[in-house]
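The sequence shown lines up with residues 324 to 799 when you count with the numbering used here.
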Amino acid sequence: MPTLFEKIWNAHVVHEEPGRPALLYIDRHLVHEVTSPQAFDGLREAGRRVRRPDLTFATMDHNVPTDNRLVIEDPISRKQIETLRRNAEEFGITLFDLTSEDNGIVHVIGPELGITLPGLTIVCGDSHTSTHGAFGALAFGIGTSEVEHVLATQTLPQMKPRTMAVRLDGKLSVGVTAKDIILSIIGRIGTGGGTGCVIEYMGEAIRALSMEERLTICNMSIEAGARAGMIAPDETTFAYLEGRRFAPQGKQFERAVAYWQTLPSDPDARFDREVQFDVSTLEPQVTWGTSPEQVVAVTGCVPDPASFTDETKAKAAERALQYMGLKPGTSIQEIKIDRVFIGSCTNGRLSDLRAAAAVVKGKKVAPHVRAMVVPGSQRVKKMAEEEGLHEIFIEAGFEWRDSGCSMCLGMNPDILQPGERSASTSNRNFEGRQGRGGRTHLVSPQMAAAAAIAGHFVDIREWYRQGKIAEEVLRQ
């Protein structure tokens, strides 16, 4: 019997032939300023229009300055934003411009506006499109030539991926989060563990997560090598979507829910690969190297490359330690940091900011640390300010910014300087990802916030036990 993925795939095949890519219908096309200019140029040169402008949504996020978003000094960034604005107007697509209250990171605004829905096929010229799979959608990133193809035809040729089930059972300990789950999974299966697959996350631990936590899980499916990540829709999904701007309304919503309830994988569905994890013993995770799979518990130490049985991984560890300026055997909690970044499409939502604010309330950022909070969207920023979260951060010494991709990637003014070390809630820790020579450690929002205060990594669970967390902030 079919899996969640197979049900959606089969419902969207327009045409298929043995041994060739299937032609899929695309329900939603999300566009941003970096990967779309050449695609629109291609349409213009061929004299084509956008096939379904009503299903195409654009935003600016990658290049947007977060201190003063309307002053873009970099000429390339400014041109890309101006080009998207012009293309959106010419081709009649919806644009959430810099002055719009709906502007933000594409993978944050899609869910919060109800553009993302269960059962849809969703594409974007961005690898972390897998985020939207948290709603039971088939969502994946595409290249610029594919962006043009979807704009012109609302279809896309795709080879059918394999399926992989990741079952997560048990109950998370206090202070352990969805970010720790996905980092642990990547640490176990590796950055190639999901290659060629669509991963479906399932089990009691997944069902216990909020929608925003599920988005974090699916967001980093790409770092596990997967084509996409998915979670079957349930009552948590439906409650989140009801009343959202672009979601069905009234009786149409009821009919939609009835359909969405048919999407979960059948009880006897078979997957090409299955793995299982028990999260009850999971600890907060910290990456130590230059790959998301180079990760250990906060109670652990930087590993010795000689301990790796795989020669390729051993050499990768040697290179990573050299780049990161770390020595084998160093306790993770002895690693001092210079910068803290809380934000991104992985952890820039309201619940993430609440979690971080609960840690920093009444405390001060360490003197040698520069810390910033960048909401994932202008709407998230507004809601956080209505709750007074910005005041908590500012009083603690954090910079409170406008929304944008910010320090997740070195494409805007928010970058690390060579040799600077960051605790970051983003999704990638490659060499130079946050700026040339910058050293990135991936952690959860609470772990990042605690590192900002302590000046080094700490076990956030100890702070809970010591009563250092303002838990009333979490209950807002």
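Cβ atoms here follow ideal geometry from the backbone N, Cα and C, with glycine treated the same way.
Quick caveat: nothing in here was measured; it's all calculated off a predicted structure.
Annotated three-state conformation of Arg-784 is helix, per DSSP.
Residue pairing by DSSP places Met-534 opposite no residue, since no beta bridge is assigned to it. In this structure, Met-706 sits near Leu-673, with a CB-CB distance shorter than 8 Å.
The three-state reading of DSSP puts Glu-657 in helix, counting H, G and I together. Under a 10 Å Cβ-count criterion, Ala-581 is classified as exposed, with fewer than 16 other Cβ atoms of the shown protein chains found around its own Cβ.
Looking at the DSSP output, Thr-379 bridges to His-352. Taking Ser-726 as reference, the option from Arg-372, Leu-797, Leu-353 and Asn-391 with the minimal CA-CA separation is Asn-391. Beta-bridge annotation (DSSP): Glu-413 is not paired with any residue.
In the three-state scheme derived from DSSP, where H, G and I count as helix and E and B as strand, Met-734 is classed as coil.
Nearest to Ala-555 by alpha-carbon distance, out of Phe-721, Val-602 and Ile-331, is Ile-331. In the three-state reduction of the DSSP assignment, Pro-398 falls in the helix class.
Comparing alpha carbon positions, the residue from His-335, Thr-500 and Asp-425 closest to Lys-704 is Asp-425. Non-local beta-carbon contacts of Ala-488 in its own chain, meaning distances under 7 Å to residues more than five positions away in sequence, involve Glu-523, Met-525, Phe-594 and Glu-597 in chain order. Contact between the stretch 350-363 and the stretch 469-487 is present: three or more C-beta pairs spanning the two stretches fall below 8 Å. With at least 16 other beta carbons inside 10 angstroms of its own, Thr-358 counts as buried. In this structure the stretch 406-415 does not touch the stretch 667-685; the number of beta carbon pairs closer than 8 Å is below three. At a Cβ-Cβ threshold of 8 Å, Val-621 and Ala-528 do not count as neighbours.
If only uninterrupted beta strand (DSSP E) runs of at least 3 residues are considered, those enclosed by the stretch 669-718 are 693-696.
Between the alpha carbons of Ala-460 and Glu-413 lies a distance of about 29 Å. Contact between Glu-754 and Thr-635 does not hold, since the beta-carbon distance rounds to 17 Å and is not under 8 Å. Judged by DSSP in its simplified three-state form, Trp-723 adopts strand. Pairing Gly-623 with Ile-655 gives a Cβ-Cβ distance under 8 Å. Distance from the CA of Arg-798 to the CA of Glu-785, rounded to the nearest whole angstrom, comes to 20 Å. Rounded to the nearest angstrom, the Cβ distance from Tyr-563 to Met-543 is 20 Å, too far for a contact under 8 Å. Listed in chain order, the non-local C-beta contacts of Pro-376 below 7 Å within the same chain comprise Phe-414, Gly-415 and Ile-416, local neighbours out to five positions each way being set aside. Boundaries of the alpha helix (DSSP H) harbouring Met-770: 768-777, taken from the DSSP string. Take Phe-463, set aside five residues on each side of it, and the residues of its chain with a beta-carbon closer than 7 Å to its own are Val-446, Thr-452, Ser-453, Arg-550 and Ala-551, in chain order. For Val-336, the pairing in a beta bridge is given by DSSP as Leu-347.
By the Cβ-count criterion, Val-394 is exposed, with fewer than 16 other Cβ atoms from all chains shown falling within 10 Å of its own Cβ. Ser-423 and Pro-388 have their C-alpha atoms spaced approximately 15 Å apart. Sixteen is the threshold: since fewer than 16 other Cβ atoms of the shown chains lie within 10 Å of the Cβ of Met-324, the residue is exposed.
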